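If you read the sequence shown in the working numbering, its first letter stands for residue 27, the second for the next number, and so on. Beta carbons are placed, not taken as given, at the ideal position from N, Cα and C, and that holds for glycine. As the structure is a computational prediction, the values presented were derived from the model and not from experiment. Only one structure is covered here, and it is reproduced in the block below.
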Amino acid sequence: MRLFIVGLGVVGKGVLELLDARRAELASHFGVETRLVGVADSKGVALCEDGLAHAEVLGVKRPGAAGVASLPDGRPLASQDDLPEVIAHSGADVLIELGPTQMRSPRPATDRLLAAMGAGLHVIGANKAPLSTAFAALTEAAAVNNVLLRYSATVGAGTPMLTLARAAVMGDTLVGFRAILNGTTNFILSQMRSSGATFDSALAEAQRLGWAEADPSNDVDGWDTAMKTAIIACHAPAIPPGRSISVHDVRTVGIRGVSARDHADAEAQGQVIKLVASFDATTLSARVEPVRVPIGSRLDVPAGGNVLLIDLKHAGELALFGRGAGAHETAAAVLRDLVDIALSAR
Ligand SMILES: NC(=O)c1ccc[n+]([C@@H]2O[C@H](COP(=O)([O-])OP(=O)(O)OC[C@H]3O[C@@H](n4cnc5c(N)ncnc54)[C@H](OP(=O)(O)O)[C@@H]3O)[C@@H](O)[C@H]2O)c1
């Protein structure tokens with residue numbers, strides 16, 4: 027399979043490393059062989075029909091290096107608006123889209139996915155912004171163009187939450203789900219609880235340790251969880267054809283208002299505060315908000331953990347726990363999608 031990868035940050039580099047590490051296994055076990063025919067970062071693009079060497083691409087993405095435009099087959103892009111055309115004419119079979127999640131301006135990433143599918147490429151996305159704002163348009167484009175769209179990495183990273191959600195609703199009736207989907211807020215709330223820290227000092231500690239970004243609003247205001255909630259909720263069979271649930275449909279409250287006192291009060295009643303995503307499949311209503319849950323319950327996951335609890339009419343509650351982020355964890359989800367596409371497209 028000829029691949030075009032957009033975005034060579036934490037996840038993009040992880041994908042190249044994992045493709046190298048698992049090359050023999052992918053070929054022997056799944057019959058998947060790949061050739062990297064195109065790459066793009068924020069400044070440039072490189073194309074080579076015979077295949078770009080992964081080591082060389084990783085070399086130009088080391089800190090301080092000049093990026094993919096400096097590769098022998100590379101060039102700067104005058105405008106990122108040119109990227110969809112470049113992808114469409116790259117000769118790739120699969121676009122792997124690993125650009126930054128920009129919830130307030132999802133259009134460039136959505137356009138890349140639509141252009142790729144319009145040109146007959148299968149698509150793998152880890153970027154939550156397009157899927158959580160234009161799910162119906164993207165799935166329709168996949169159907170119209172007879173290509174496959176996969177996005178496992180958008181929720182749960184290496185933990186196959188969407189695979190579970192998709193399979194669960196095939197044979198049973200979805201009642202709803204609850205989930206913890208964001209490591210940063212889980213870490214901050216855990217810090218506040220264990221040390222009695224205020225939100226501001228727990229956030230500062232999270233930033234010092236690399237759990238939170240310099241601008242933490244996407245996480246602490248609940249939007250990262252809301253995007254993931256919308257993407258899971260889009261699998262509810264009760265959603266009318268052509269419609270989808272967007273991040274803007276999710277009633278979202280972040281954790282800035284949670285105080286040390288709230289934690290102490292919860293603790294006194296055998297409870298802990300978590301940022302919980304929930305979805306009711308009857309009313310199709312989704313929420314993200316700080317909620318008290320019993321200490322030791324399934325939603326009381328440790329700082330680095332994510333959990334999805336799916337409530338089904340006949341099978342009852344299904345639970346899936348795992349790590350929700352990380353370079354190789356997320357890259358593993360991308361490879362899972364790649365194998366899935368290779369097997370499904372045969
Ligand atoms: N990290 C995780 O654990 C994780 C988990 C699940 C999902 N995800 C999702 O996966 C995606 C990638 O995450 P990441 O952690 O790898 O992000 P990252 O480290 O910030 O890397 C983003 C990459 O996208 C490139 N980029 C930025 N603007 C671009 C543009 N306009 N056109 C083309 N490329 C552009 C950047 O280029 P430069 O290198 O030139 O800056 C960089 O290579 C995000 O959407 C994220 O939400 C990440």
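In whole angstroms, what is the alpha-carbon distance linking residue i and residue j?
i: A4; j: I265; result: It is not possible to answer for residue 4, since the shown part of the chain is limited to 27 through 372.
i: I299; j: T211; result: 11 Å
i: M129; j: M143; result: 21 Å
i: A179; j: T165; result: 16 Å
i: L34; j: A290; result: 43 Å
i: S105; j: A252; result: 31 Å
i: I271; j: G350; result: 22 Å
i: V181; j: L157; result: 11 Å
i: T308; j: P316; result: 22 Å
i: D108; j: S216; result: 44 Å
i: L78; j: I214; result: 41 Å
i: P126; j: C74; result: 24 Å
i: G330; j: G348; result: 8 Å
i: A312; j: D250; result: 14 Å
i: G64; j: T185; result: 28 Å
i: K87; j: L200; result: 44 Å
i: A357; j: D288; result: 37 Å
i: I321; j: A294; result: 11 Å
i: L361; j: E355; result: 10 Å
Can you tell me whether residue i is buried or exposed, with buried defined as 16 or more other CB within 10 angstroms of its CB?
i: S131; result: exposed
i: S220; result: exposed
i: N172; result: exposed
i: K242; result: Correcting the residue identity first, residue 242 is Pro in this sequence and not Lys. By the neighbour-count rule (16 or more Cβ atoms within 10 Å), P242 is buried.
i: M196; result: exposed
i: D226; result: exposed
i: D46; result: exposed
i: H340; result: exposed
i: A50; result: exposed
i: S54; result: exposed
i: D76; result: exposed
i: S323; result: exposed
i: H274; result: exposed
i: S370; result: exposed
i: L190; result: buried
i: R204; result: buried
Determine the DSSP secondary structure at residue i, reduced to helix, strand or coil.
i: D46; result: helix
i: P110; result: helix
i: G70; result: strand
i: L29; result: strand
i: Q233; result: helix
i: L103; result: coil
i: A205; result: strand
i: L369; result: helix
i: D245; result: helix
i: K300; result: strand
i: D250; result: helix
i: G64; result: strand
i: R269; result: coil
i: A312; result: strand
i: I281; result: coil
i: E239; result: coil
i: E51; result: helix
i: L84; result: helix
i: V36; result: helix
i: L97; result: coil
i: V375; result: Because the chain is modelled from 27 through 372, residue 375 falls outside the range shown and cannot be assessed.
i: V58; result: coil
i: L215; result: helix
i: D306; result: strand
Can you round the beta-carbon distance between residue i and residue j to whole angstroms, since I take them to be within the 8 Å contact cut?
i: A72; j: L52; result: Not quite, the Cβ-Cβ distance comes to about 23 Å (not below 8 Å), so this is no contact.
i: A194; j: L344; result: 6 Å
i: F56; j: L121; result: Rounded, the Cβ-Cβ distance is 20 Å, inconsistent with contact.
i: A259; j: F305; result: 5 Å
i: L207; j: K154; result: Their Cβ separation, rounded to whole angstroms, is 10 Å, which puts L207 and K154 out of contact at 8 Å.
i: D67; j: V41; result: Contact doesn't hold; Cβ gap of about 13 Å is too wide.
i: T136; j: A152; result: Not a contact, Cβ separation roughly 14 Å.
i: A359; j: A118; result: Between A118 and A359 the Cβ distance is about 20 Å, and since that is not below 8 Å, they are no contact.
i: V284; j: M218; result: 7 Å
i: V365; j: V58; result: 6 Å
i: L175; j: V149; result: 5 Å
i: V37; j: R138; result: So it is not a contact: roughly 15 Å between Cβ atoms.
i: G222; j: A163; result: Not quite, the Cβ-Cβ distance comes to about 47 Å (not below 8 Å), so this is no contact.
i: L346; j: V327; result: The pair is not a contact, with the Cβ atoms about 11 Å apart (cut-off 8 Å).
i: V246; j: R282; result: 6 Å
Is residue i near ligand 2, going by C-beta to nearest heavy atom under 6 Å?
i: V319; result: With respect to ligand 2, the structure shown offers nothing to examine, as its ligands consist of ligand 1.
What residue ranges within the region 136-189 form continuous alpha helix (DSSP H) runs of no fewer than 4 residues, ordered along the chain?
154-159, 161-170
If we require 3 or more residues per run, which beta strand (DSSP E) segments fall completely within the region 315-365?
331-338, 342-349
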